[in-house]
Structure formats: structure tokens, C-alpha cells
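Undergrad: What the sequence shown shows, in the numbering used here, is residues 3 to 356, in sequence order. Before we start, here is the structure in question, set down as C-alpha cells.
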Amino acid sequence: MRRLILYVLLLALLGGCAAPVDPDTARESIQVLAMDTAMLITTYGERSVPAAYACEDTIRDLEAQFSRTDPDSAVSRLNNAGGESVEVEEDLGRLILIANTYHQWTNGALDISIAPVASAWGFTEDSFRVPSQEELEELLRLKGRPQFSTPGIVTSVSLSPGQSIDLGAIAKGYAADKILEVLQEYEVPRANISLGGNVLAYGGRPDGTPWRVGIQDPARAENPNAFAGVLNLTDSFAVTSGGYQRFFEENGEHYHHIIDPATGYPADSGLVSVTVVADCALPEYPGTMCDALSTALFVMGEEQALDFWRFWKSSKTPFELVLITEDGRVVVTEGLVDRFTQEEGSGYDYETVS
Ligand code: ADP
Ligand code: MG
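Structure representation (C-alpha cells):
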């Protein structure tokens with residue numbers, strides 16, 4: 003907000019001497035460090051500058067509610083409430099409700115109450131360790147959906163004593179949904195919003211072609227420009243979850259941050275990354291859907307992920323997938339075939355599924 007006020011003041015000071023903005027070329031690009039992620043917001047058009055800073059404000063406002071490491075956040079208050087009911091703002095109430103819904107639809111593969119397990123592995127606080135089987139079993143008993151005091155009304159939530167939640171798997175997707183609302187409010191004609199593995203390709207590129215969204219090659223994760231393929235997207239969310247993004251190694255084992263809630267261990271499903279793509283004009287928070295499903299389908303593995311995709315295809319919020327498997331295949335669902343470009347020489351076998 004302060005940035006926005008400064009910007010308005012600056013404009014007022016410059017007054018008549020400011021050059022008129024060319025709506026075709028005007029562009030603003032800002033980097034935002036939030037939600038443990040380096041984000042890049044690029045907006046276009048006459049109002050590109052205030053729109054970009056309004057996007058930043060939205061991210062910061064959501065981070066202040068959703069953070070698990072900020073002791074003053076609403077999520078921390080809920081996690082520390084010892085089972086008491088806590089009043090929450092609209093966004094947090096809505097996001098917990100959405101999380102509960104995907105928990106049900108994914109048969110528990112998305113589970114925000116996995117927080118104590120994620121902490122035991124040290125993924126929340128960057129103090130990595132391998133917990134014992136007994137410790138994991140103890141913590142897994144704390145799983146369960148948060149409860150709303152009055153069904154259907156999402157203003158006050160309670161957890162069971164000892165329980166805590168972690169919104170890391172869906173917070174950036176929800177932020178992307180809220181950013182879409184900001185872009186529409188500011189009538190931005192095009193934008194490229196990159197919140198780590200969550201991308202919103204809004205409109206197309208200034209030359210009229212689609213945005214090019216690279217899918218990171220997990221085998222060359224140290225090089226951010228090494229891709230397993232490129233998606234050509236307009237008006238879409240694309241979210242990638244992968245076991246190569248956040249991990250540690252101990253005694254030759256690779257332990258990553260996506261937990262299988264059935265075992266308490268990092269998911270070992272044969273997938274190395276999952277990208278979920280959906281039209282941003284869909285109803286019901288499609289950015290959050292992509293983020294929730296990228297994590298959940300990673301846990302489920304190829305076969306179940308593709309069954310889920312087929313089942314979901316005829317719903318009002320269909321999505322498409324790019325799966326990268328441990329055995330070196332890139333599996334692209336049929337709706338993306340025309341929008342996916344293989345990366346020559348990457349060594350993958352490319353497959354299309356219908
Ligand atoms: P990223 O945050 O790297 O974009 P994801 O969207 O896949 O990746 O979210 C992973 C984060 O979500 C983890 O860091 C952890 O906080 C949390 N998490 C891990 N496993 C699960 C799970 N099965 N269900 C819900 N949240 C999870
Ligand atoms: Mg996710």
C-alpha cells in the first residue's frame with residue numbers, strides 16, 4: 003500500500019511534465035520476495051504500474067494471513083489456539099474450505115493437516131532431519147479436516163488440540179486467483195505472473211503470440227532455464243510441483259517436501275513432476291485447483307493421476323496435465339498437445355494420453 007501511495011505522490015509531483023503512457027508498450031515488472039518464493043510480476047497497459055503494485059499488496063496481505071512461520075499470522079493463531087475456535091478473515095476461511103473439499107476429492111492426498119509431519123522433516127524451518135517411524139506414526143494421528151463452527155459459514159474455524167495446518171500446497175495458487183481479480187479490476191490487457199512454480203499467463207504476449215511457459219527439467223534442476231518442454235499459453239494457470247524443488251539428502255537418500263499423508267514419508271509415486279494447466283476464466287478458483295492438484299496428483303502417481311484427469315474432464319472445471327516420470331517419460335494429456343513443445347535433446351520419451 004505504501005508503495006502505491008508513493009507512486010501516486012510521485013505522479014502528482016511530476017504533474018504535467020510526465021510523458022503520456024503509450025498503452026501498447028507500457029509495462030511494469032517487479033520482483034516480490036514472499037511466501038518463501040522469488041516472484042516476478044509483469045503487467046502491461048496504461049495502468050501497468052499501479053496494477054503491479056496492487057498485485058504485490060494482495061500477495062503481502064495473503065502472506066500475513068497464511069504464513070506458518072510468522073507468529074502473528076492468522077494461521078499461527080489458529081495453530082496455537084489449543085483447539086479453541088478462532089475467527090478468520092474471508093480469504094483464510096475460504097481457502098480452508100477449498101482445502102477440505104480437495105482433501106475429500108483426492109482421497110486424502112491433499113491434506114493441510116500434514117503440517118506437524120512436514121515440520122518433523124524440517125521442511126518448514128529449514129532444519130532437515132529424518133524422523134523415526136514412531137514419531138511419524140504419532141504425528142499422523144493428528145490428521146483431520148479443520149472444522150467450521152457453523153457449517154456453511156466460514157468465519158470461525160477450529161482444529162483439534164495438537165493439530166496444525168500448513169497452506170504451503172495451495173497458498174500461491176490462491177494468491178494467483180486473487181491476482182487475476184486485480185488484473186481484471188485494473189483492466190490490464192496482458193500480464194505474466196510467476197509465483198515460483200505457479201504461473202498465470204494472462205492475455206498473450208504483446209506481439210499477439212501466446213506466453214511461453216517452460217516446464218523445468220527435473221534432471222537439470224540446478225539450471226532454471228533447462229526445460230523438459232514449453233507450454234504456449236494464453237489466459238491460463240500452469241502450476242508445477244516437483245520433488246526436485248525443495249529437498250535434502252542423507253546417507254545417499256533424497257528426501258523432498260511433498261509428503262504422502264498415508265505414510266508420512268516424501269511421496270514416492272514414480273513421478274518427478276506434475277504440471278496442472280487450467281483456463282483462468284473457469285469458475286471456483288481455478289488457480290487454487292491447479293496448485294491443490296499439482297501436489298495431490300504428485301502424491302497419487304501416474305495411473306491414479308490420469309484416472310482423476312479422465313474423471314474430472316467432464317466437470318465444469320476441467321484441467322490438463324504434463325507428468326514427468328522417474329523412468330524418463332513426459333506424459334501430456336490430449337488437451338495440451340497443440341500447446342506443448344518438446345525440448346529437443348532433453349532425452350525424454352514423449353507420450354500423449356487420451
Ligand atoms: P511448492 O510450495 O514448492 O510450490 P507444492 O504446491 O507442491 O510445492 O506444496 C508443497 C508444500 O505443501 C510443502 O512444502 C508442505 O508445506 C505442504 N505439503 C506437503 N505435502 C502435502 C500434502 N500431501 N498435502 C498438503 N500439503 C502438503
Ligand atoms: Mg501445490
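A virtual CB, placed ideally from N, CA and C, is assigned to each residue, including glycine. As the structure is a computational prediction, the values presented were derived from the model and not from experiment.
(1) Roughly how many angstroms lie between the CA atoms of A28 and G206, to the nearest whole one?
(2) Please classify M291: does DSSP put it in a helix, a strand, or coil?
(3) Using beta-carbon positions only, say whether T44 and A193 come within less than 8 Å of one another.
(4) Within 7 Å: the Cβ of I43 and any heavy atom of the ligand MG?
(5) Please check the pair L323 and A307, which I expect to be a contact at CB under 8 Å, by giving their CB distance rounded to whole angstroms.
(6) Enumerate in chain order the residues of its own chain whose CB-to-CB distance from S75 is below 7 Å, with the five nearest sequence positions on each side excluded.
(7) According to DSSP, is I181 part of a helix, a strand, or is it coil?
(8) If we call anything under 8 Å between Cβ atoms a contact, is H161 one with L80?
(9) Within 10 angstroms of its Cβ, does A14 collect 16 or more other Cβ (buried), or is it exposed?
(10) Mind checking E286: buried by the 16 CB within 10 Å criterion, or exposed?
(11) Nearest to A122 by alpha carbon, out of S115, D113 and P133?
(12) Among A264, A54 and E346, whose alpha-carbon lies nearest the alpha-carbon of I116?
(13) In this structure, does DSSP put W314 in helix, strand or coil?
(14) Excluding five sequence neighbours on each side, which residues of the same chain lie with their C-beta closer than 6 Å to the C-beta of G164?
(15) Hey, how far is the Cα of L295 from the Cα of V201?
(16) When the Cα atoms are used, what is the spatial distance from E139 to Y267?
(17) Less than 8 Å between the beta carbons of A280 and D237, yes or no?
TA: In terms of the structure at hand:
(1) Our two residues, A28 and G206, have alpha carbons roughly 15 Å apart in a direct line.
(2) Of the three classes helix, strand and coil, the one that applies to M291 here is helix, per DSSP.
(3) Yes, Cβ-Cβ distance for T44 and A193 is below 8 Å.
(4) No - the ligand MG has no heavy atom lying nearer than 7 Å to the Cβ of I43.
(5) L323 to A307, Cβ: 7 Å. Contact.
(6) Within the same chain, A66, Q67, F68 and S69 come within 7 Å of S75 by CB-CB distance, once the 5 residues on both sides are set aside.
(7) The DSSP-derived three-state label of I181 is helix.
(8) One point to set straight first is that residue 161 is Leu, not His, in the sequence displayed. In contact: L161 and L80 (Cβ atoms closer than 8 Å).
(9) At A14, the pLDDT of 46 sits below 50, so the modelled position is not reliable; the number obtained from the coordinates is stated separately. Burial call: exposed.
(10) By the neighbour-count criterion, in which a residue is buried when 16 or more other Cβ atoms sit within 10 angstroms of its Cβ, E286 is exposed.
(11) Of S115, D113 and P133, the residue nearest in Cα terms is P133.
(12) The candidate whose alpha carbon is nearest that of I116 is A264.
(13) In this structure, W314 counts as helix in the three-state DSSP scheme.
(14) L144.
(15) For the pair L295 and V201, the Cα-to-Cα distance works out to about 14 Å.
(16) Cα-Cα distance, rounded: 11 Å.
(17) In this structure, D237 does not lie closer than 8 Å to A280 by Cβ.
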